[in-house]
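Protein chains in written order, with this note's numbering: chain A, 1 to 434; chain B, 1 to 315. Glycine included, every Cβ here is placed at the ideal spot set by N, Cα and C. Just so you know, these numbers come straight off a predicted model, no measurement behind them. For reference, the structure discussed in these notes is given below.
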């Protein structure tokens with residue numbers, strides 16, 4: 001991420017998620033930051049030593065911030081590496097990845113954070129922000145070194161794909177996190193209730209003969225967490241915050257809406273998969289559609305889209321989870337969970353805009369400004385002084401998802417051969433085109 | 001020691017600082033000042049408790065408190081018997097109340113009790129006819145520790161009233177912290193408690209103290225920095241992530257001590273975990289009162305025994 005000579009993106013539709021407004025004009029980036037933005041940033045105005053790129057009416061907005069992606073390192077470089085994940089991110093317009101801590105070893109010590117940051121510096125094109133483990137070894141038993149991990153550079157704390165089951169441990173982790181102004185990102189699923197299941201519980205699972213996971217498995221844990229937030233984090237002024245990593249049911253949304261209404265410091269995300277697909281997409285036992293939490297019914301999907309539009313759902317994540325072919329070329333019940341998503345998050349999201357369900361500005365805010373606000377990052381804004389993490393995309397240019405051309409090391413996309421619109425034509429990180 | 005015409009201390013037991021008035025506390029500290037002088041002479045023996053029997057009943061292991069009481073009793077002329085749980089019939093299943101009845105039948109005059117459950121000493125005191133001194137009950141109170149801390153502070157600073165005193169570390173599980181909070185606020189000090197939220201008990205802000213979650217704000221401009229012992233079983237991720245992290249953010253080292261007043265003094269009830277809640281350089285440094293606290297401990301216990309003995313029958 002080097003800074004170079006000034007670059008101006010001119011003749012663009014400028015979309016600033018902070019204002020929600022859209023104007024015609026340009027953005028001038030210099031020394032890694034936005035130094036000019038607006039209608040007056042034109043080829044004539046930026047000077048000869050500035051490289052001016054005519055965007056031809058494409059949208060320019062802040063680079064996307066993906067709050068949940070597995071990047072393979074350390075320990076699973078056969079599935080993904082920081083280099084391949086960052087190439088996929090750059091191709092998809094993602095300029096910041098929050099990397100999940102469920103690596104091998106897990107990110108539960110300052111040395112692992114340090115390793116990740118050095119690897120990112122040396123091999124990544126985009127920003128990699130390590131999310132550290134909330135409990136040691138992600139085992140859910142003992143609080144991790146939140147203070148030391150945060151000093152080392154951890155952006156947030158999560159327990160990976162599993163919930164902290166013990167309410168006592170979770171309470172103490174939240175209590176302790178409060179003193180350090182830490183952000184907790186939690187995946188909520190009662191493991192006992194979900195244990196046997198491999199897809200959403202209901203008629204469709206029954207017809208396929210697959211054991212189901214009830215929506216309540218998610219809602220019960222969300223409900224517990226909201227009560228613990230009220231007990232430990234209510235009214236804190238130090239920035240401590242609870243973020244529900246993946247909400248997929250109306251039951252959970254109702255609980256979060258109540259928590260937000262009484263002013264608790266909480267936010268939530270859902271994945272692009274849960275906004276785009278439903279349980280019937282599993283179809284003929286398609287393992288690329290085996291996700292955790294499982295894809296829900298169409299009614300639930302529509303409710304999620306509505307909650308995104310209203311702002312109840314703050315953030316969209318890719319939940320990028322690369323799996324090698326062997327892990328998916330097995331019977332559905334034995335297949336690994338997960339799908340890749342860094343490169344398709346934006347065009348899949350644009351489908352919601354094209355269908356008239358979600359305003360464009362709201363969609364972009366859920367992938368830029370809201371994650372930045374939750375994590376306390378300066379990115380996500382199209383404003384003077386903000387980091388020059390920018391993307392240019394044509395929201396209407398069509399393409400067909402071709403797994404062979406995806407940059408990720410693994411090819412388990414649920415959008416295999418899907419027709420989409422929205423092509424990222426330029427990705428800039430810290431003022432440099434990547 | 002002076003034989004006082006009229007008892008200055010009217011309580012039968014010393015179960016806690018709670019319930020003591022400021023004159024009660026001052027009377028004990030004045031008596032203790034005299035006991036310090038006695039203890040510094042070659043001839044330390046007095047006869048205030050001659051003929052009296054003192055039983056040390058410790059359900060929890062203790063080195064300094066038990067030996068401190070033993071020495072205090074002996075210097076005042078009492079016969080002292082030590083009973084520790086390892087050799088008592090409690091390990092054979094006897095209840096606390098049965099143990100109390102058994103000991104009471106031996107007609108002791110004073111029983112010093114330490115027990116791992118809060119309230120156990122009070123329960124025992126209701127079942128015996130002698131005076132009972134709480135040497136620490138669970139996470140509740142440890143009154144003689146608070147008195148010896150107050151004595152140490154008063155002798156070094158000349159007063160307690162108006163001082164800013166920061167009590168730092170595992171406040172939640174500390175009987176030392178509770179007794180000190182009550183005593184020091186009663187004596188007019190401005191008391192702060194400092195520690196991670198996991199080690200602060202619920203509702204502490206309503207106990208008359210200022211609550212701080214960072215050492216920097218907590219010990220800024222303090223006159224006294226009082227560190228608490230962190231039990232090893234609480235360092236491993238249950239309440240704080242690790243020894244290393246606790247030492248980094250809440251351990252007292254020379255850097256952090258710079259936030260306190262230039263003439264601030266450092267205390268610790270002992271035994272210390274070097275490198276955890278306190279660095280050796282601070283514990284052994286010129287501003288440390290840790291060894292003086294031990295000396296004051298004997299004096300305070302002499303004062304307490306004498307004060308209670310004045311109210312015993314036939315005295």
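query	result
If the cut-off is 8 angstroms on Cβ atoms, which residues from the region 216-229 of chain A count as contacting chain B, listed in chain order?	none
Got a sec, what are the start and stop residues for the beta strand (DSSP E) residue 26 (chain A) sits in?	22-30
Give, in chain order, every unbroken run of the alpha helix (DSSP H) that is at least 4 residues long and sits entirely within the region 88-168 of chain A.	110-123, 146-152
Going by DSSP, what residues sit across from residue 36 (chain A) in a beta bridge?	A:28
Our contact map puts residue 63 (chain A) next to residue 379 (chain A) with C-beta atoms below 8 angstroms; I'd like the distance itself, whole angstroms only.	7 angstroms
Within 10 angstroms of its Cβ, does residue 278 (chain A) collect 16 or more other Cβ (buried), or is it exposed?	buried
Is it the case that the Cβ atoms of residue 289 (chain A) and residue 414 (chain A) are separated by a distance below 8 angstroms?	yes
So which residues of chain B does residue 153 (chain A) contact, with C-beta pairs closer than 8 angstroms?	What residue 153 (chain A) touches in chain B: nothing, since even the nearest Cβ is about 16 angstroms away.
Is the CB-CB distance between residue 135 (chain A) and residue 143 (chain A) below 8 angstroms?	yes
When Cβ atoms are compared, which residues of the region 232-243 of chain B fall closer than 9 angstroms to chain A?	236, 237, 238, 239, 240, 241, 242
Closest to residue 427 (chain A) by CA distance: which of A:393, A:45, A:138, A:338 is it?	A:393
Name the DSSP bridge partner or partners of residue 241 (chain A)?	A:183
Under 7 angstroms Cβ-Cβ, which residues of chain B neighbour residue 179 (chain A)?	196, 197, 213
Chain B beta carbons: is any one of them nearer than 8 angstroms to that of residue 235 (chain A)?	no
What residues match up with residue 200 (chain A) in a beta bridge as DSSP calls it?	A:213
Give me the subset of the region 248-263 of chain B whose CB atoms are less than 9 angstroms from a CB atom of chain A, sorted by chain position.	248, 249
Under the rule that 16 or more other beta-carbon atoms within 10 Å means buried, what is residue 167 (chain B), buried or exposed?	buried
Please state the DSSP three-state secondary structure of residue 110 (chain B).	strand
Which word fits residue 320 (chain A), buried or exposed, when buried means at least 16 other C-beta atoms lie within 10 angstroms of its C-beta?	buried
Answer yes or no: does any C-beta atom of chain B fall closer than 8 angstroms to that of residue 2 (chain A)?	Its pLDDT being 46, under 50, residue 2 (chain A) is placed unreliably by the model, and the measurement read from it follows with that caveat. No - not a single Cβ of chain B is within 8 angstroms of the one on residue 2 (chain A).
Does the distance from the C-beta atom of residue 110 (chain B) to that of residue 303 (chain B) stay below 8 angstroms?	no
Could you check whether residue 85 (chain A) and residue 408 (chain A) sit closer than 8 angstroms to each other, using their CB atoms as the reference points?	yes
Ordered along the chain, which non-local residues of its own chain (more than five positions away) have a Cβ less than 6 angstroms from that of residue 35 (chain A)?	28
Would you mind working out which of A:37, A:49, A:26, A:48 sits nearest residue 56 (chain A), comparing C-alpha positions?	A:26
Under 7 angstroms between beta-carbons, which chain B residues line up against residue 175 (chain A)? List them in chain order, please.	197, 198
Going by DSSP, which residues form a beta bridge with residue 432 (chain A)?	A:429
Quick check: the Cα distance between residue 221 (chain A) and residue 311 (chain A), rounded to an integer number of angstroms?	22 angstroms
Could you give the uninterrupted runs of the alpha helix (DSSP H) lying entirely in the region 250-279 of chain A, keeping only those of 4 residues or more?	250-261, 272-276
Give the straight-line distance between the Cα atoms of residue 334 (chain A) and residue 287 (chain A), rounded to the nearest whole angstrom.	9 angstroms
Taking residue 188 (chain B) as the reference, give the member of B:33, B:161, B:195 with the closest Cα.	B:161
Taking the Cβ atom as the reference point for each residue, do residue 189 (chain A) and residue 218 (chain A) lie within a distance shorter than 8 angstroms?	yes
For chain A, check one thing: does any of its Cβ atoms lie closer than 8 angstroms to the Cβ of residue 216 (chain B)?	no
Does any residue of chain B have a CB that is nearer than 8 angstroms to the CB of residue 146 (chain A)?	yes
Take every Cβ of the region 251-260 of chain B, pair it with every Cβ of the region 295-309 of chain B, and state whether three or more of those distances are shorter than 8 angstroms.	no
Taking residue 341 (chain A) and residue 366 (chain A) to be in contact with their CB atoms under 8 angstroms, please state how far apart those CB atoms are, rounded to whole angstroms.	Not quite, the Cβ-Cβ distance comes to about 14 angstroms (not below 8 angstroms), so this is no contact.
Could you name the residues that DSSP lists as bridge partners for residue 170 (chain A)?	None; residue 170 (chain A) has no bridge partner.
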